[in-house]
Structure formats: structure tokens, C-alpha cells
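Notes to accompany the following structure.
Numbering (our numbering), first residue to last: 32 to 224.
Right under this line is the structure:
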């Protein structure tokens, strides 16, 4: 079995390049980049082939949690204060989310799954771990235990036939693990604009 590529060597998509261009436009609009530097970085973004090339273009323009492409990360650990990982980030084969006396959120909706099978280990001690998975992904609760806590059910919507699998191993003590899909927009009947 071959080793997965490091996140920085993964190929970038058009959507990844567009996210970088949007941040460059915002930086030029508020004066962080002059027009020449904006043009040079925009050209580099258009030619970028990997996520690592794109991440280098915007590294000095926004904090890590606001970057359009995030390739370096560790576990999500919420100790007494909420922590969250969302947006466009690379999900490794194994991920860890821990909530102790707080909430940890792991949102896979826009994430790039590096493997067809991902294992998320979630632990909650008097806190809650929220895991949001995209529609059509197969979710399996495969192990762990609870002591005066709860582990949520996977979404009821059927997975796509070729869907990636997200396995969740959960441990709770006076806490909970919740698995969600993104909320669908509500339809408003009888309203006129």
C-alpha cells in the first residue's frame, strides 16, 4: 500500500485557486497589498498546481483559521473554551477531536478527504464534540464507550454508492458526541418578495 501524499503536495482545484484570489482581492482592497504585488500573487495563484503553492501565497495575509487553504494542522482540542476546524482543510487518514468542559467542532463539509476511509477519534469529558459530515458520506460509529454520556447516531440520509466512509470512535464521560449533516435551507411557502 502506498503512503498518502503530504497535504502540501496534493493537487489544487479551481475552487482552491478561487479562494486564494478572493483573499488577495480583499488584501488589495484594504491596502495590505499594492497593485503590483496583487498582480504578481494572482499570477502565482493561477499557475499553482499544489495546495502547498497556494498556501504560501496567502500565509502572511490572514491567521491560520482564516486561510482559504489549510494544510498544516493537528488535533482539535477544546479545553475549557470552544475550538473549531472548518472550511477548506485536508483531512488525514486519522483525526482527533477532544472536548473537556467545552465544545469541539470538526466540520468536514468543505474539507478534502485524503483517503476513502477516515477514522475520527472523538473524546468528550463534560463537553460535546460536534462532527459535521457532507451529504452522501457513509458514517459508521465503530467503537468506543460512554459513561453517563451519549454518542449520536449517524445521519439517516442514504450514502452515495461510491461514498467515502467516515468512521467515528467515540469516548464520553458526562459528555456527548453529535454527528450532523449541513442544514438544508428552509423553503418558505406563501411568501412573496
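All C-beta atoms in this analysis are idealised placements derived from N, C-alpha and C, irrespective of residue type, glycine included.
Can you give me the C-alpha to C-alpha distance between residue i and residue j, rounded to a whole angstrom?
| i | j | result |
| --- | --- | --- |
| residue 59 | residue 203 | 47 Å |
| residue 224 | residue 40 | In this predicted model, residue 224 has a pLDDT of only 48, less than 50, meaning its place in the structure is not dependable; the value taken from the coordinates is given anyway. Each residue's alpha carbon lies about 47 Å from the other. |
| residue 198 | residue 71 | 43 Å |
| residue 129 | residue 55 | 34 Å |
| residue 38 | residue 131 | 29 Å |
| residue 165 | residue 213 | 7 Å |
| residue 180 | residue 134 | 14 Å |
| residue 120 | residue 178 | 32 Å |
| residue 49 | residue 140 | 18 Å |
| residue 95 | residue 206 | 29 Å |
| residue 208 | residue 193 | 26 Å |
| residue 42 | residue 109 | 31 Å |
| residue 73 | residue 142 | 23 Å |
Can the beta-carbon of residue i be found closer than 8 Å to that of residue j?
| i | j | result |
| --- | --- | --- |
| residue 144 | residue 170 | no |
| residue 153 | residue 111 | no |
| residue 53 | residue 99 | yes |
| residue 186 | residue 148 | no |
| residue 104 | residue 161 | no |
| residue 136 | residue 92 | no |
| residue 124 | residue 150 | yes |
| residue 190 | residue 174 | no |
| residue 126 | residue 35 | no |
| residue 172 | residue 188 | no |
Among all the DSSP beta bridges, which residues are the ones paired with residue i?
| i | result |
| --- | --- |
| residue 143 | 121 |
| residue 114 | 135 |
| residue 18 | This structure leaves residue 18 out entirely; the chain is present only between 32 and 224. |
| residue 92 | DSSP, once it has assigned bridges, lists no residue as partnering residue 92. |
| residue 172 | 199 |
| residue 51 | Note: residue 51 sits in no beta bridge, so no partner. |
| residue 42 | 81 |
| residue 163 | 138, 211 |
| residue 181 | 207 |
| residue 149 | 197 |
| residue 101 | 120 |
May I ask whether a heavy atom of the ligand COA can be found less than 7 Å away from the beta carbon of residue i?
| i | result |
| --- | --- |
| residue 165 | Among the ligands in the structure shown, none appear at all, so the ligand COA cannot be discussed. |
Exposed or buried, which one is residue i when buried takes at least 16 other CB atoms within 10 Å?
| i | result |
| --- | --- |
| residue 138 | buried |
| residue 184 | exposed |
| residue 45 | exposed |
| residue 97 | exposed |
Nearest chain E C-beta to residue i closer than 8 Å, yes or no?
| i | result |
| --- | --- |
| residue 178 | Going by chain labels, chain E is absent from the structure shown, which holds only one protein chain. |
Review point. Given 8 Å as the limit, is there contact between the region 70-89 and the region 105-116, that is, 3 or more CB pairs closer than that?
Key: no
Practice item. Evaluate contact between the region 84-94 and the region 151-169, counting only Cβ atoms and requiring at least three cross-stretch pairs below 8 Å. Key: no
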